[in-house]
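Plus 54 on top of the position in the sequence shown (first one is 1) and you've got this note's numbering. C-beta: ideal position from N, C-alpha, C; glycine also. Comments concern the structure below.
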Amino acid sequence: MVKYVGGVDSLEDKKNYGDLLMLAIKSILSALCGVVFPFLYIFFPSMYIVESIKEGILKIMGIFIGVCVLLGAIFNPIDGFVVFTIFGPLILVFHYMITSRRSRTHIFIAGAISFFASVIVLLVSFGINSEVLNSKKTLEGLINIYTNIGSEVGLADTEIFDITSRVSNLYYTFLQMAPSYLIISSLVFSYIVYISVVRTMFAKGRIIIGPPTLEFIKIPKEVIFLGFATIGVLYLLKFPQGTEIIYKNLLFILLFLLFVEGLAIIKFFMTSMKVSRFLQTIIIIVSLTFPFLQMLFIFLGAVDLFIDFRKIGV
């Protein structure tokens with residue numbers, strides 16, 4: 055009887071080692087592909103989080119560090135450092151929050167904060183800060199690049215001047231809006247990672263608390279109202295020095311949240327009417343492309359704050 059149990063344990067150990075080996079192979083391939091197609095990294099951390107819940111965090115972090123070292127050896131040490139800095143803390147945070155059974159809101163927010171902080175740390179470690187980004191030297195370097203390109207393709211001086219002026223304006227606009235871009239990216243990335251983990255765990259026969267799917271996302275009214283109240287106060291104060299940038303970023307984030315709310319409503323009705331997933335995907339992609347549809351979704355999201363369309367049904 056003892057030998058039989060030992061045999062079962064041995065088979066279980068072999069299966070665990072096989073799973074860990076598969077994780078190492080998949081993560082190496084994903085990391086290599088991610089160097090060429092960076093958007094693939096959005097699915098990279100979820101496989102580690104899933105296995106860390108099953109096998110324990112120490113083994114999985116060991117594999118993760120090994121993959122980062124290998125990535126640095128094959129391509130560039132900086133590549134391995136970037137992957138480790140961004141995804142290492144994210145894996146640890148998600149593992150801790152999920153295994154300690156925190157609320158899905160706390161897990162989602164913690165993941166977003168981890169990603170946001172990791173990107174900031176990474177930028178600072180490379181010496182990239184507001185002083186460098188706002189320096190004349192940086193802007194001149196950017197303008198020189200476009201000036202050289204314009205000269206090579208034979209553009210007139212007036213055309214080159216127009217292009218460099220636009221580039222300069224776009225660059226400063228980007229710098230002003232960078233905080234909101236990073237916050238939104240962190241929220242989206244955290245959501246995708248979280249829901250990927252939940253679905254993978256469900257496929258493996260284990261249920262964990264997860265975020266709502268897109269059609270059931272409901273932005274808390276309090277967040278929207280508080281945000282617009284803050285904007286209203288700034289407007290009444292005639293935007294004290296330095297607050298105009300805060301206003302622009304806050305407004306952009308609020309409009310994004312309303313867009314998500316509107317998109318969730320459209321997704322809900324498409325699912326209710328059994329529209330094919332392929333067509334739903336096309337509609338969502340198109341909505342991200344055309345400003346008119348974006349404004350329509352924002353309007354729907356704003357109206358949904360007062361009228362719950364999903365309770366009405368189809």
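Within a Cβ cutoff of 8 Å, which residues of the same chain sit near Val56, ignoring the five residues on either side of it in sequence? The pLDDT assigned to Val56 is 42, lower than 50, so where the model puts this residue is not dependable; a value taken from the coordinates is nonetheless given after this. Cβ neighbours of Val56 beyond the five flanking positions: none.
Indicate whether the contact test is met: 3 or more Cβ pairs, each with one atom in the stretch 340 to 360 and one in the stretch 316 to 325, closer than 8 Å. yes
Sorted by chain position, which residues of the same chain lie with C-beta nearer than 7 Å to Val170's C-beta, five sequence neighbours on each side aside? Inspection of the sequence shows that residue 170 is occupied by Phe rather than by Val. Within the same chain, Phe170 has close Cβ partners Leu236, Ile237, Ser240.
How would you call Tyr58, buried or exposed, if buried means at least 16 neighbouring beta carbons within 10 angstroms? Caution applies to Tyr58, whose pLDDT of 42 falls short of 50 and renders its modelled position unreliable; the value that the coordinates give is listed next. Answer is exposed; the Cβ neighbour count stays below 16.
What three-state label does DSSP hand Ala78 in the structure shown? helix
Suppose only complete runs of 3+ residues qualify. What are the beta strand (DSSP E) ranges in the stretch 211 to 240, listed by chain order? none
What's the C-alpha gap between Ser179 and Ile114? Roughly 26 Å between the two C-alpha positions.
Only counting the same chain, and skipping five residues up and downstream in sequence, which positions put a Cβ closer than 7 Å to that of Ser250? The beta carbon of Ser250 lies closer than 7 Å to those of Phe97, Ser100 in the same chain, with the five residues before and after it left out.
Are the stretch 135 to 142 and the stretch 118 to 127 touching by the rule of at least three beta carbon pairs closer than 8 Å? yes
Could you pull out every residue in the same chain whose Cβ sits closer than 7 Å to the Cβ of Glu391, ignoring the five residues on either side in sequence? Within the shown structure, residues of the chain are numbered from 55 to 368, placing residue 391 beyond reach of any answer.
Just checking, does the stretch 188 to 196 make contact with the stretch 250 to 259 on the three C-beta pairs under 8 Å criterion? no
Three-state secondary structure (DSSP) at Phe351? helix
If you follow the alpha helix (DSSP H) that Lys365 is part of, which residue opens it and which one closes it? 363 to 366
Report yes or no: do three or more beta-carbon pairs, one from the stretch 101 to 112 and one from the stretch 143 to 160, lie closer than 8 Å? yes
Distance, Arg156 Cα to Val372 Cα: Residue 372 falls outside the range modelled here, since the chain spans only 55 to 368, and no answer is possible.
Exposed or buried, which one is Tyr226 when buried takes at least 16 other CB atoms within 10 Å? exposed
According to DSSP, is Pro294 helix, strand or coil? coil
So what's Val357 in DSSP terms, helix, strand or just coil? helix
Who are the near neighbours of Val357 in its chain, counting only those whose CB is closer than 7 Å to its CB and skipping five residues on each side? none
So, Ile82 versus Leu124, is the Cβ gap smaller than 8 Å? yes
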